[in-house]
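*Asks:* Quick note on the working numbering: the sequence shown kicks off at 3 and runs consecutively.
Pasting a structure here, questions to come.
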Amino acid sequence: MKFFLDTANIELIKEWIPTGLVDGVTTNPSLIAKEGGNIKDILLEICKIVDGDVSIEVVEKSPEKVYEQAKQISNLAKNVIVKIPFAKEYLPVISKLSKEGIKLNITLIFSLTQALLVSKLGVAYVSPFIGRWDDIDIDGMDLVKNLVTMKKNYNFKTEILAASIRNVIHLQKCILYGADVATIPPKLLDKLFNHPLTLQGIEKFDNDWKKLAKTDLFN
Ligand code: E4P
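Quick look at the structure:
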């Protein structure tokens, strides 16, 4: 399972890279809006420091402009994945870009059939949004489960990139259901390290070792 960082914050990305866990990064207009500075510089820097796919979303609206902007975005760096929101009017653009070999991440996926349509077009990733289903009191995890079944049934190459992950339970279910990728906010990634029994265990080992009053393990 690949882990992407769901952030446009360069400091946080730099903090996590040495852990070896960062297989890529996803950004979106809201995440970029949280950062100060020159947007292009930020995105170029992210592409430079991350050894993996970096999703950058189009913000244009008309299909023609979306196509042009997708090309511009894809030219920013070799590891760029162009993120395009799911919409009927963008399907010809998605199909064209896919045929041109541009790697796409189709975002704001909320149904199995939306995912099927763009998987048929050979996009690199589909991003089912889990948390936003939960926000309206519907279990978003079913979508991920169904997408994994769809991928197996039809042998699609399109990777299932679970997005809008808000808590550890979401991530645990993504693991069990077999999502190819989970994009995780850094704050949530931090939580994966905190287990009271691990902390207690370390404390007990330390205390028992101190009772021996030795400083070196072998002498
Ligand atoms: C990532 O690709 C998505 O844009 C992101 O996970 C959305 O998360 P949110 O629903 O918490 O904004």
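The C-beta atom is built at its ideal place from N, Cα and C for all residues, glycine as well.
Since this is a predicted model, take the numbers as computed values, not measurements.
Would you mind sorting F158 into buried or exposed? The rule is 16 or more other CB atoms within 10 Å of its CB.
*Replies:* When all chains shown are included, F158 counts as buried.
*Asks:* Taking the runs of the beta strand (DSSP E) that are 3 residues or longer, which of them lie wholly in the region 55–104?
*Replies:* 55–59, 82–87
*Asks:* Closest to K189 by CA distance: which of I108, Q202, V170 is it?
*Replies:* V170
*Asks:* Looking at the ligand E4P, does it come within less than 7 Å of G54, judged from the CB to the closest heavy atom?
*Replies:* no
*Asks:* Could you give the DSSP three-state label for V52: helix, strand or coil?
*Replies:* V52 sits in coil when the DSSP states are folded into three classes, being neither helix nor strand.
*Asks:* Roughly how many angstroms separate the alpha carbons of I167 and S57, rounded to a whole number?
*Replies:* 16 Å
*Asks:* Please classify M143 as buried or exposed, where buried requires at least 16 neighbouring CB atoms within 10 angstroms.
*Replies:* buried
*Asks:* Using DSSP's beta-bridge definition, name the partner residues of Y127.
*Replies:* Residue pairing for Y127: DSSP places it in a beta bridge opposite N107, E161.
*Asks:* Should T9 be counted as a contact of the ligand E4P given a C-beta to heavy atom distance under 7 Å?
*Replies:* no
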